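Data first, discussion second: the structure below is written as structure tokens.
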Amino acid sequence: MLPETLLSETIVSEVFAKALSGGADFAEVYVERNRTRLVRLLSGELKEATSGIRYGAGLRLFYGVDIVYAYTNDLTAESLLDICDTLLKLKGQTRNVDAKGRVDDKGKGGLDFRKAVAKGLHAPRIALSSKDKRYRLERLLEAEAGAKVAAEIKQVETFLSEGEKDVLVANSEGVWAEDKRIRTRMGVTAIAQSDTDMQTGRNFPGLSCGLELFDKFPPAEVGRKAGEQAMTNLRAELAPAGTMPVVVGNAFGGVLFHEALGHLLETTSVAKRTSVLTDKLGEKIASDCVTYIDEGTTPYGWGSQEFDDEGMPSEHTTLIDKGVLKRYMVDRLGEMKTGYPRTGSGRRQDYTFAPTSRMRNTYIAKGNTPKEKLFEGIEFGLYAAVMGGGQVSPGSGDYNFGTNEAYMIRHGKIEEAVRGAMLLGKGPDSIQKIVAISDDLETASGMCGSQSGSIPTEVGQPHLLISEIVVGGRA
Amino acid sequence: MTFEEAKNYLLEQARNAKVEAEILATETRELSLSVFEGKLEDITSAVKGGIGIRVEVGGKIGYASSEERSQEALDWMLQEAIENANLQTTTDGFIPTGSALGRQDLLDEGLSGDLAQKRAMPLEMEKIIRADKRTDQVDSTGYSEYDSEVLVASTKGSSGGYRTGAAYVMGHVIMTDGTLKKSGWHYEAKREVNALEPGQTALELVKKTARHLGAKPLKTGKYRAYFEPKAFIGLLSVFGEMLSGKNVLEGQSKLANRLGSKIGSDLVTLVDDPMLADGLGSQPFDAEGTISQRLVLIENGVLKSYIHNSYTAKKLAMNNTAHASRNYNTVLSVDFSNLFLEPSTGVTLTDGIIVTDLMGLHAGANSISGEFSVQALGIKVEGGETLHAVENFAIAGEWLELLQNIVGLGETLEWQGSLGSPLVEVAELSFAGA
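Chains as they are written, first to last, in numbering that gives the first Met the number 0: chain P, 0 to 474; chain F, 0 to 433.
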């Protein structure tokens, strides 16, 4: 039904010729067509069923390290040349450079594009088209049934979202990369209610895969976890406030260092020197037990893609090795500004954003302390079993996080559940205070919001112990 | 196809398929300029938009949208919308009967002004911010504007459109006193480019950030809290959700069944006004084509109304308040236009903490339970005098308790986008610090 190629080489070449002739040093076009579907159920009832086509192109021109960006939903040659023209005018630098050598005599084509297409590393095993919408509803009903672990679970909301995104990235250096990104995510939110209180539990697994998501994450199991978390929170006491040792849970616990460490290692802030970890390559910035990886190639990883959004193949990047900072996450602009080689980290939500350096599947590597040992010797502390969301200010490294499931630790034992605990601190300080890491590495999917929009990323870590963090609570 | 053509094509195809349909389309032009180290660093120009359809098939509702306006894409969209509708088990959905609404222009010449003037604004801001010797880094300053055309039409007779837009200046700075660093941001938005005051906005940013330098840790305890408008608006943006008729209907609001009861102190009067001349959230009609009107949500502490669209109003047997909201790619919901807490006679500072900034609201505040535990920045006040800045603490409480504890409101209403509040004095609040 829809045309196979997103944009012809001729149109792309014409736009590049115009851009370079107008004085730009480098031109890049990013095109996408993303067909999305979402179904959402509340208490067994379908509340939302939507489908959509996201479609457009973004044109980015470099003048040294200055960037201009434009995007449009109209992908005709006329419209693309028009937005190119707008950019050249905005920049106000029409110095009529001779762009021959890039284009042929007629000013068309001639760019020797090196075509690269996705190898299908994350190709679905069960295609989205192989089952109808009713099949999906049945799986979500299973998730809902799984969440009803107690009579207090009064409401369960479930969703399934799917995206089939065709992407083309081409640039005036001859890159032409075509990627196909299929992502599927299921979510369960359970609400537990007593006479006086209402608490939630959540579980949102997602992968770069097709409907085999339901095999990897059986819906009833996904629901059960959300339901149990809601019940734990309903029974939980208000968390106390104070400075104390904290054991952070595995999988989604990784969000803490995603925010407090990962974001500080993106050249988006490093190049501007707004990150407190600027100029620290080769330095010891974390305790010895910390090895931190940003992995772009995890098969079916939620944050995996074969090419980044600048057309560079994805790679494995060791950011911190045994406490020593080895690499930053670098995009094209970051490379130009800092001189650090690119790491395939240029990412963007969609064509409405220019790419910046971003995380993919980022995790703390496993250590060798058995999980139980982490709790031993803690007289009074917090076990943040499941972290909530949070944020960080890259300038100061200040971070704050909620917990979705937490317990008090007393005399080395996990005791009563608490809610409302916030973890507050400074990232560079907290990574020095990781004293032990266990071996139960797991990852979890999330959406990361930053300058280039909201993108799928995985966070991960084993259980780990931080010697002290300020816990903000109500009691 | 143009939006007009696409709209007509879809309505015609819907009629042929014997389904009721409502179209919502938007087309937006945007420009944003950002400055770093004396140079225009980022320039973004955009034309974006899309067309969305809501269909009703025998009381079942389905949605689809597309940013591609080829006939193939529009056909796919209508087919998906009908398929989505047929999945529904409930049959109480409907497209409301509408009327011809004409076209209104809320923006007029608001954004006219030459590019040179717009470019100069963030450059001027950066210069002013850099001139302060405590400035460590100006992360960015910027100018941006949007100009948006909204179209609504249905097979049930509604048809109309309006144009809206605004211009913004903003800045983000890191300041230092030699030992500690503090970052801050600030922005100003107006319907008219010429009403922007970039110099003033820059000075305000410097002042608001610098006052946090030399911040000391705060001792855990209960304090009187003075929320600056920006901080209170942060809470309002989360807990306004409790007034959503949709949340009430879906059992996700603590305010269900509380109409007519006292939920806040006498001082609390919360209003939504879509008719404000300068309101950034102003609109002549909502996403279903229902004509907008002013609404008092809480009056002297008494809960008066939720916000509704045609569906939530009918299901709860209440009046439609014309708060239907929908983007072309989202489903029907409800939303505020210009929501604000009415100011009062003023606040006299005594002892407590001025809460200036809240961070991590999305993680630390839960609109369902009403609970919040949010990292904040503030200034300590004793004997009516501001002492010093305080940091590394979280404020925690429950929204409805907080509304009951409001004992004073400032005289001046301040806006952040389409949300407004005066200074808010809360008798007692938990502060968790060192």
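Ideal Cβ placement from N, Cα and C applies to all residues, glycine included. Note that the coordinates shown come from a computational prediction; the quantities given were computed from them, not determined experimentally.
Terminal residues of the continuous beta strand (DSSP E) containing residue 55 (chain F)? Numbered from its first residue, the second sequence carries residue 55 (chain F) at position 56. First-last of the beta strand (DSSP E) with residue 55 (chain F): 38-56.
Mind listing the chain F neighbours of residue 190 (chain P)? Cutoff is C-beta to C-beta under 9 Å, in chain order. Here residue 190 (chain P) refers to the residue found at position 191 of the first sequence. Neighbours of residue 190 (chain P) on chain F, chain order: 250, 251, 367.
So the candidates are P:133, P:293, P:287, P:85; which of them puts its Cα closest to the Cα of residue 31 (chain F)? The residue you call residue 31 (chain F) lines up with position 32 of the second sequence. Taking only the C-alpha atoms, the option nearest residue 31 (chain F) is P:85.
Is there a Cβ from chain P that is less than 8 Å from the Cβ of residue 87 (chain F)? Here residue 87 (chain F) corresponds to residue number 88 of the second sequence, with the count starting at 1. Closer than 8 Å to some Cβ of chain P, the Cβ of residue 87 (chain F) qualifies, so yes.
Using 8 Å as the limit for Cβ to Cβ distance, is residue 358 (chain F) near chain P? The residue given as residue 358 (chain F) occupies position 359 in the second sequence. Yes, residue 358 (chain F) lies at the interface with chain P (some Cβ there is under 8 Å from its Cβ).
The stretch 40-53 of chain P: positions lying closer than 7 Å to chain F by Cβ: 41, 44, 45, 47, 48, 49, 50, 51, 52, 53
My guess is that residue 335 (chain F) and residue 239 (chain F) are in contact by the Cβ rule of under 8 Å, so how many angstroms apart are they, rounded? Numbered from its first residue, the second sequence carries residue 335 (chain F) at position 336. Numbered from its first residue, the second sequence carries residue 239 (chain F) at position 240. With 8 Å as the limit, residue 335 (chain F) and residue 239 (chain F) qualify as a contact, their Cβ atoms being about 6 Å apart.
So if I threshold CB-CB distances at 8 Å, which residues from the stretch 300-320 of chain F count as touching chain P? none
Within chain F, the residues that residue 90 (chain P) reaches when beta carbons sit closer than 9 Å: On the first sequence, position 91 is the one that residue 90 (chain P) refers to. What residue 90 (chain P) touches in chain F: 39, 42.
Give the range of the alpha helix (DSSP H) segment to which residue 228 (chain F) is assigned. The sequence position of residue 228 (chain F) within the second sequence is 229, counting from 1. Residue 228 (chain F) -> alpha helix (DSSP H) spans 228-238.
Would you mind telling me which residues of chain P sit closer than 8 Å to residue 328 (chain F), beta carbon to beta carbon, in chain order? One-based indexing of the second sequence puts residue 328 (chain F) at position 329. The answer, in chain order, is 49, 51, 53.
Does the CB of residue 218 (chain F) have a neighbour CB from chain P at under 8 Å? Position 219 of the second sequence, counting from 1, holds the residue named residue 218 (chain F). No - not a single Cβ of chain P is within 8 Å of the one on residue 218 (chain F).
How about residue 419 (chain P): is its C-beta nearer than 8 Å to some C-beta of chain F? Looking up residue 419 (chain P) in the first sequence gives position 420. Yes - at least one Cβ of chain F is within 8 Å of the one on residue 419 (chain P).
On the DSSP letters alone, give me the boundaries of the alpha helix (DSSP H) that residue 403 (chain F) sits inside. Position 404 of the second sequence holds residue 403 (chain F). From DSSP, the alpha helix (DSSP H) with residue 403 (chain F) extends over 398-403.
So, helix, strand or coil for residue 64 (chain F), using DSSP? Reading the second sequence from its first residue, position 65 is the one you call residue 64 (chain F). It is a strand residue.
Backbone secondary structure at residue 32 (chain P) - three-state DSSP: Your numbering for residue 32 (chain P) matches position 33 in the first sequence. Residue 32 (chain P) falls in the strand class under three-state DSSP.
Between residue 107 (chain P) and residue 78 (chain P), what straight-line distance do the alpha-carbon atoms span, to the nearest angstrom? Numbered from 1 along the first sequence, position 108 holds the residue referred to as residue 107 (chain P). Numbered from 1 along the first sequence, position 79 holds the residue referred to as residue 78 (chain P). Unreliable positioning characterises residue 107 (chain P) in this predicted model, as indicated by a pLDDT of 45, which lies under 50. A coordinate reading is not provided.
Cut-off 6 Å between Cβ atoms - residues of its own chain near residue 100 (chain P), not counting five sequence neighbours on either side: Here residue 100 (chain P) is taken as the residue at index 101 of the first sequence, counted from 1. With a pLDDT of 36 at residue 100 (chain P), under the threshold of 50, the predicted position of this residue should be treated as unreliable, and no value is reported.
Using a Cβ-Cβ cut-off of 8 Å, state whether residue 240 (chain F) counts as contacting chain P. Position 241 of the second sequence, counted from the first residue, corresponds to residue 240 (chain F). Taking Cβ atoms only, chain P never reaches closer than 8 Å to residue 240 (chain F), which makes this a no.
Any chain F beta carbon closer than 8 Å to residue 272 (chain P): What you label residue 272 (chain P) is simply residue 273 of the first sequence in a count that begins at 1. It does: the Cβ of residue 272 (chain P) has a partner Cβ on chain F nearer than 8 Å.
With 7 Å as the limit, tell me which residues of the stretch 388-403 of chain P have their beta carbon closer than that to any beta carbon of chain F; keep them in chain order. 388, 389, 390, 392, 394, 395, 399, 400, 401
Taking residue 62 (chain F) as the query, report the chain P residues whose CB atoms sit under 8 Å from its CB, ordered along the chain. In the second sequence, counting from the first residue as 1, residue 62 (chain F) sits at position 63. Chain P residues near residue 62 (chain F): 47, 48, 49, 50.
Give the single residue among P:210, P:342, P:173, P:217 whose Cα lies nearest to the Cα of residue 296 (chain P). One-based indexing of the first sequence puts residue 296 (chain P) at position 297. Selected option, being the one with the closest Cα: P:342.
Check the Cβ of residue 374 (chain F) against every Cβ in chain P and list those closer than 8 Å, keeping chain order. Counted from its first residue, the second sequence places residue 374 (chain F) at position 375. What residue 374 (chain F) touches in chain P: 397, 399, 421, 423, 471.
Jot down the residue ranges of each uninterrupted alpha helix (DSSP H) in the stretch 377-436 of chain P, minimum 4 residues, whole runs only, in chain order. 426-429
Contact set for residue 186 (chain P): own chain, Cβ-Cβ below 6 Å, skip 5 residues either direction: Position 187 of the first sequence holds residue 186 (chain P). Contacts found: 158, 203.
For residue 444 (chain F), which residues from the same chain have a beta carbon less than 6 Å from its beta carbon, with the 5 sequence-adjacent residues on both sides left out? Coverage of chain F is limited to positions 0 through 433, which leaves residue 444 (chain F) absent and any answer about it impossible.
Closest by C-alpha distance to residue 208 (chain F), when choosing among F:131, F:29, F:10: Position 209 of the second sequence, counted from the start, is the residue given in the question as residue 208 (chain F). When each option's Cα is compared against that of residue 208 (chain F), the closest is F:131.
Do you know offhand how far residue 301 (chain F)'s Cα is from residue 317 (chain F)'s? Taking the first residue of the second sequence as position 1, residue 301 (chain F) is located at position 302. Taking the first residue of the second sequence as position 1, residue 317 (chain F) is located at position 318. Roughly 17 Å between the two C-alpha positions.
Using the DSSP secondary-structure output, state which residues sit across from residue 200 (chain P) in a beta bridge. By 1-based counting over the first sequence, the position of residue 200 (chain P) is 201. According to DSSP, which records beta bridges pairwise, residue 200 (chain P) is partnered with P:189.
Taking only beta-carbon positions, decide if residue 73 (chain P) is within less than 8 Å of chain F. The count along the first sequence starts at 1 and reaches residue 73 (chain P) at position 74. Residue 73 (chain P) counts as touching chain F.
Closest Cβ-Cβ distance between residue 478 (chain P) and chain F: below 8 Å? Chain P is shown from 0 up to 474; residue 478 (chain P) falls before or after that span and cannot be answered.
Continuous beta strand (DSSP E) assignments of at least 3 residues falling wholly in the stretch 239-295 of chain P: 241-247, 291-294
What did DSSP end up calling residue 167 (chain F) once you bin it into helix, strand or coil? Position 168 of the second sequence, counted from the start, is the residue given in the question as residue 167 (chain F). Strand at residue 167 (chain F).
Counting beta carbon pairs with one atom in the stretch 115-133 of chain F and one in the stretch 168-177 of chain F, are three or more of them shorter than 8 Å? yes
Using three-state DSSP, classify residue 119 (chain P) as helix, strand or coil. Mapped onto the first sequence, residue 119 (chain P) falls at position 120. The answer is coil: DSSP assigns residue 119 (chain P) none of H, G, I, E or B.
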